[in-house]
């Protein structure tokens with residue numbers, strides 16, 4: 087039913103995706119070569135770069151529903167938050183927001199710029215930090231499938247709450263309209279994304295557990 091509004095990475099916008107991801111890699115490489123870097127390991131920076139690139143890529147798979155785009159951003163963020171340690175998960179989202187704010191076209195619909203972080207839907211972008219923080223902190227304790235699902239559900243709810251509040255304040259819409267426009271259309275899609283995160287995390291565990299970072 088949403089097929090006609092689907093926006094995906096095509097041949098026309100593929101160069102923007104590659105440019106953005108290349109920028110992320112080059113920035114990370116520069117930091118790694120910086121002799122003053124002492125508080126974060128090279129491996130952590132690599133994971134942060136991969137996480138940021140993953141979020142940037144999945145942000146371009148979107149459906150225009152209501153006042154905000156429904157994208158696969160939260161699927162990528164949820165998977166990263168469940169897989170990474172809190173520091174790397176939060177840093178991945180933080181770097182994504184920073185690069186988007188300075189103008190790289192990595193937000194939904196190949197958009198970018200600081201205005202996205204101050205407009206009516208800015209709360210959802212800032213909510214990604216809450217999502218990553220809450221989910222990664224919970225899944226760090228235990229990573230059984232039920233806990234993964236509940237952690238992502240709580241992270242999603244926190245993102246919804248902040249996004250809804252900011253939209254209400256900036257737009258001046260009523261609470262009923264705000265909830266109708268910014269939450270109700272996305273409940274089912276987000277439940278499906280949370281389920282996918284849970285399944286993907288479960289399937290990836292036998293592979294990634296060989297890496298010391300994930301153990």
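Residue numbers (the working numbering): 87 to 301.
Just so you know, even glycine gets a beta-carbon here, dropped at the ideal spot from N, CA and C.
All values derive from a computational prediction rather than experimental measurement.
Unbroken alpha helix (DSSP H) run spanning residue i, endpoints
i: residue 229; result: Residue 229 -> no alpha helix (DSSP H), and no H or E assigned at all.
i: residue 270; result: Run containing residue 270: none; DSSP gives neither H nor E here.
i: residue 173; result: 172 to 187
i: residue 162; result: 159 to 169
As assigned by DSSP and simplified to three states, the class of residue i
i: residue 207; result: coil
i: residue 196; result: coil
i: residue 148; result: strand
Cβ shell of residue i (< 8 Å), same chain only, five flanking positions each side left out
i: residue 226; result: 171, 172
i: residue 158; result: 144, 145, 147, 148, 279
i: residue 290; result: 169
i: residue 245; result: 160, 210, 213, 214, 216, 217
i: residue 223; result: 172
Nearest-angstrom beta carbon gap, residue j and residue i [assumed within contact, 8 Å]
i: residue 188; j: residue 162; result: Incorrect: roughly 20 Å between the Cβ atoms, too far for contact.
i: residue 198; j: residue 192; result: 6 Å
i: residue 221; j: residue 168; result: 6 Å
i: residue 216; j: residue 248; result: 6 Å
i: residue 231; j: residue 156; result: Rounded, the Cβ-Cβ distance is 25 Å, inconsistent with contact.
i: residue 202; j: residue 186; result: 7 Å
Residue i Cβ short of 6 Å to the ligand FAD heavy atom set
i: residue 239; result: As for the ligand FAD, it is missing from this structure, which has no ligand bound.
Beta-carbon proximity list for residue i, same chain, < 7 Å, skipping 5 on both sides
i: residue 239; result: 280
i: residue 165; result: 283, 286, 287
i: residue 182; result: 138, 141, 142, 192
i: residue 257; result: 206
i: residue 265; result: 250
Close-in-space but distant-in-sequence residues of the same chain around residue i (CB under 6 Å, 5 per side omitted)
i: residue 229; result: none
i: residue 130; result: 174
message: Three or more C-beta pairs under 8 Å: does that hold for the region 131 to 138 against the region 173 to 183?
response: With contact defined as three or more Cβ pairs closer than 8 Å, the region 131 to 138 and the region 173 to 183 are in contact.
Any 3 or more C-beta pairs closer than 8 Å across the region 212 to 230 and the region 246 to 257: At 8 Å Cβ cutoff, the stretches touch.
message: Taking 8 Å as the cut-off, does the region 272 to 291 touch the region 231 to 238 (at least 3 CB pairs, one atom from each stretch)?
response: Enough Cβ pairs lie closer than 8 Å, so yes.
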